[in-house]
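*Asks:*
Protein chains: 2
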Amino acid sequence: MHTLTEIQQIVASAIDKLDWSLPPHGLYEPIEYTLRLGGKRLRPCLTLMAADLYDAPLESAIPAAMALEIFHNFTLLHDDVMDHADVRRGQPTVHRRWNENTAILSGDTMSLCAFRQLDGIAERHLKEVLRRFSDMSIQICEGQQYDMDFETRSDVSIDEYMEMIRLKTAVLIASALQIGAVLADAPGSDADALYDFGLHVGLAFQLKDDYLDVYGNPATFGKAIGGDILCNKKTFMLLTAFRLADAPGREALLRLLNDNNSRPQEKIQGVTQIYDNLNVGRHCIDAMEQHLRQALDSLERVQLPAERLAPLRDLANRLMQRDK
Amino acid sequence: MHTLTEIQQIVASAIDKLDWSLPPHGLYEPIEYTLRLGGKRLRPCLTLMAADLYDAPLESAIPAAMALEIFHNFTLLHDDVMDHADVRRGQPTVHRRWNENTAILSGDTMSLCAFRQLDGIAERHLKEVLRRFSDMSIQICEGQQYDMDFETRSDVSIDEYMEMIRLKTAVLIASALQIGAVLADAPGSDADALYDFGLHVGLAFQLKDDYLDVYGNPATFGKAIGGDILCNKKTFMLLTAFRLADAPGREALLRLLNDNNSRPQEKIQGVTQIYDNLNVGRHCIDAMEQHLRQALDSLERVQLPAERLAPLRDLANRLMQRDK
Chain A
14 MHTLTEIQQI VASAIDKLDW SLPPHGLYEP IEYTLRLGGK RLRPCLTLMA ADLYDAPLES
74 AIPAAMALEI FHNFTLLHDD VMDHADVRRG QPTVHRRWNE NTAILSGDTM SLCAFRQLDG
134 IAERHLKEVL RRFSDMSIQI CEGQQYDMDF ETRSDVSIDE YMEMIRLKTA VLIASALQIG
194 AVLADAPGSD ADALYDFGLH VGLAFQLKDD YLDVYGNPAT FGKAIGGDIL CNKKTFMLLT
254 AFRLADAPGR EALLRLLNDN NSRPQEKIQG VTQIYDNLNV GRHCIDAMEQ HLRQALDSLE
314 RVQLPAERLA PLRDLANRLM QRDK
Chain B
14 MHTLTEIQQI VASAIDKLDW SLPPHGLYEP IEYTLRLGGK RLRPCLTLMA ADLYDAPLES
74 AIPAAMALEI FHNFTLLHDD VMDHADVRRG QPTVHRRWNE NTAILSGDTM SLCAFRQLDG
134 IAERHLKEVL RRFSDMSIQI CEGQQYDMDF ETRSDVSIDE YMEMIRLKTA VLIASALQIG
194 AVLADAPGSD ADALYDFGLH VGLAFQLKDD YLDVYGNPAT FGKAIGGDIL CNKKTFMLLT
254 AFRLADAPGR EALLRLLNDN NSRPQEKIQG VTQIYDNLNV GRHCIDAMEQ HLRQALDSLE
314 RVQLPAERLA PLRDLANRLM QRDK
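Residue numbers (the numbering used here), protein chains in the order written: chain A, 14 to 337; chain B, 14 to 337.
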């Protein structure tokens, strides 16, 4: 079996080998720019890790891994357009560096290039992988739609929120693992167990993200604190605060959120104080830990020796401990 | 063999059966709206006509036909966003009726739904059809990129223009026919010949479109006259005028195009007068007829009796004779 570092290097090398040099350059330069923004490359690594569980040749999983990474970055590109974001990973977003039409069209092209990668998959797996990849991609759009719908609603429940993040972010992580297992000719029950593992890891990951937006260490977190608070984003933290607060507490919270005159730091501090009072952070960490436990339980259903599954187990644990 | 009318009815019925009723409705309502805008459904009809040449059961070609129609409408949706168009087929564009984020996300979803349709293809053809569909979809984006690039260039050649319309509009028509033939287990040389037929039909169709923008009959054409002239669109007509005019003629043309104070009718009449003087329309019709001849020559390479190919031949001829 390969170490995570070896897999990361294989993934980085494969991404580097993707050729975006053909014309029209106006179409492909923004794609290359987007993919070179970097990141952990978590999703393609998960595909290779899943294939590696069965000692499948990792090259056989590269095309699908590339498809997932390209598709993931397409969703970030279009999300940035829809959110009017100026920066991603410390660099200008594509619509800022070029223009909005470019962001739309190059994004469209990335999505299609992802499907083009699937031609590299072993033909015996193509129907199943295409179907899973297609379903996943549509679910991600549904999640994004719910996220946008929630912006203008004041009655979003925690269950609805969890369903939104399941679709928007968790199914991609789940599918990355599942597809890796399918390509390795794993038993269906193993592929399903890995999917569930990935789903719960994805949910836990987002809950951790919501927590760190409030209580993270800006030096290690890589993002400013309170960004979600400033744009009134419906996160687990905010929705839990509304759930736990009494009527006066909810009114106080709403006043803070709707106050366009307060300075950003005042708003962040005010909301954080309410979160402190209600122990919202504890509920968020509890929910995250519950999903981590469910992830590890799912991993136990994979019919392989525990030491084979150790890298995935460790990865799940490390993702939850980041940046505290 | 089926008549074109029977095929149109089968296509209309299949589009009608597509189910967009699941939530989130904010995502799927604009998709249903877009598909219900109507139109000739040319591309899915071509797929079925190609399959019909070989007496393949038309149901086997429906999923691919739906994929092509959904994909085609996705490109129109995003093109309208990038062009800031207000109206399509007499109705508000999606970003006008809803908003731009909806147009982007619902468009993304349509593109993905097109690929999801391919799951209904016979497995033995899936790899080939997926590859052809993927290549086609990327080429369409490349064509759109060139079209956008041309807006800010004053040195676009006729060859570049023809390459742009080949990618942007002709490869979809070509692929629709080719894929229908592949699904019917046609000989590869037949599928290639049908592809070439479709390519030349697509090019001729666009040239006719360019001509009708200037010389069409508004009552029968369905669009106002001179729209391309008003927005300085680089069409075959405009590029030919620049090619044929002497230096004073080019200056006169540029003055008309860059005059922001003239009334629309004045600009259209002025440019049309220059086109009249240079006989630009004749060049456009000549180019169109050349591609129509090449289309019919390609059709001759299909190894089937002439009467089998008659509906396609007639369709090509009718597309060229519209709205005069």
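For every residue, glycine included, the Cβ atom is placed at its ideal position computed from N, Cα and C.
Give the single residue among E264/B, L196/B and P70/B whose Cα lies nearest to the Cα of R137/B.
*Replies:* L196/B
*Asks:* Consider the Cβ of T122/B: report whether some Cβ of chain A lies at a distance smaller than 8 Å.
*Replies:* Yes, contact with chain A.
*Asks:* Looking at the structure shown, is Q303/B part of a helix, part of a strand, or coil, going by DSSP?
*Replies:* helix
*Asks:* If we cut at 8 Å on Cβ distances, does V142/A have a partner in chain B?
*Replies:* no
*Asks:* At least one CB of chain B closer than 8 Å to the CB of R129/A: is that the case?
*Replies:* By the rule that beta-carbons nearer than 8 Å mark a contact, R129/A touches chain B.
*Asks:* Evaluate the contact criterion for the stretch 287-301 of chain B versus the stretch 220-228 of chain B: three or more CB pairs, one atom per stretch, below 8 Å.
*Replies:* yes
*Asks:* Kindly indicate the opening and closing residues of the alpha helix (DSSP H) around P324/A.
*Replies:* A319 to M333
*Asks:* Of the choices R49/B, N114/B, A78/B and L48/B, whose alpha-carbon is the least far from that of M62/B?
*Replies:* A78/B
*Asks:* Please list the partners that N114/A has in chain B, where partner means a Cβ-to-Cβ separation under 7 Å.
*Replies:* M95 and M161
*Asks:* From D93/A to A206/B, what distance separates their C-alpha atoms?
*Replies:* 43 Å
*Asks:* Could you check where the alpha helix (DSSP H) with S188/B kicks off and where it finishes?
*Replies:* V184 to L196
*Asks:* From the DSSP output, which residues share a beta bridge with V100/A?
*Replies:* P105/A
*Asks:* In three-state DSSP terms, what is K337/B?
*Replies:* Here K337/B scores only 48 on pLDDT, less than 50, and its place in the model should not be relied on; the value that follows carries that caveat. Reduced to three states, the DSSP call for K337/B is coil.
*Asks:* Whose Cβ in chain B lies nearer than 8 Å to the Cβ of I117/A?
*Replies:* H91, V94, M95 and I117
*Asks:* Give a yes or no on contact between the stretch 72-92 of chain B and the stretch 106-124 of chain B, applying the rule of three or more CB pairs nearer than 8 Å.
*Replies:* yes
*Asks:* How should P43/A be labelled, buried or exposed, when 16 other C-beta atoms within 10 angstroms of its C-beta is the threshold for buried?
*Replies:* buried
*Asks:* Just to confirm the assignment, what range does the alpha helix (DSSP H) spanning R256/B have?
*Replies:* F249 to L257
*Asks:* Residues of chain A with a CB under 8 Å from the CB of Q157/B: which are they?
*Replies:* L118
*Asks:* By the 10 Å Cβ neighbour count, where 16 or more other Cβ atoms means buried, how is K337/B classified, buried or exposed?
*Replies:* Low confidence applies here, because K337/B scores a pLDDT of 48, under 50, leaving its location unreliable and the question unanswered by this model.
*Asks:* Just to confirm my understanding: we take L270/A, look at its own chain, exclude 5 residues before and 5 after, and list those with CB closer than 6 Å. What are they?
*Replies:* N245
*Asks:* To the nearest angstrom, report how far apart L143/B and A27/B are at their CA atoms.
*Replies:* 21 Å
*Asks:* Going straight from the alpha carbon of A204/B to that of Y46/A, what length do you get?
*Replies:* 38 Å
*Asks:* From this set, Q282/A, L125/A, L139/A and L50/A, which residue's C-alpha is nearest Q104/A's C-alpha?
*Replies:* The shortest C-alpha to C-alpha distance from Q104/A to any of Q282/A, L125/A, L139/A and L50/A is the one to L50/A.
*Asks:* For I151/B, which option in P57/B, R179/B and I23/B has the closest C-alpha, if you only look at C-alpha atoms?
*Replies:* R179/B
*Asks:* Got a sec: is the Cβ-Cβ distance from E136/B to anything in chain A below 8 Å?
*Replies:* yes
*Asks:* Identify each residue in the stretch 34-52 of chain B for which the Cβ-Cβ distance to at least one residue of chain A is less than 7 Å, and report them in chain order.
*Replies:* Of all residues in the stretch 34-52 of chain B, P37, G39 and L40 have a Cβ within less than 7 Å of some Cβ in chain A.
*Asks:* Inspect the beta-carbon positions of E82/B and P57/B and report whether they are closer than 8 Å.
*Replies:* The criterion of a C-beta distance shorter than 8 Å is satisfied by E82/B and P57/B.
*Asks:* Return helix, strand or coil for A80/B, following the three-state DSSP convention.
*Replies:* helix
*Asks:* With a cut-off of 8 Å, does the C-beta of I281/B fall near any C-beta of chain A?
*Replies:* No, I281/B does not count as interfacial toward chain A.
*Asks:* Is it the case that the stretch 269-288 of chain B contacts the stretch 173-188 of chain B, given that we only count it when at least three CB pairs across the two stretches are under 8 Å?
*Replies:* no
*Asks:* Which residues of chain A have a Cβ atom closer than 8 Å to the Cβ of I151/B, listed in chain order?
*Replies:* T122, L125, C126 and R129
*Asks:* Which bits of chain A does L139/B rub up against, with CB to CB less than 9 Å?
*Replies:* E136, L139, K140 and L143
*Asks:* In or out: E320/B buried (at least 16 other Cβ within 10 Å) or exposed?
*Replies:* exposed
*Asks:* How close, in whole Å, do the beta carbons of P70/B and Q130/B come, if the pair is a contact with beta carbons under 8 Å?
*Replies:* With a beta-carbon spacing of about 17 Å, P70/B and Q130/B fall beyond the 8 Å limit used to define contacts.
*Asks:* Report buried or exposed for A260/B, applying the criterion of at least 16 other Cβ atoms within 10 angstroms of its Cβ.
*Replies:* exposed
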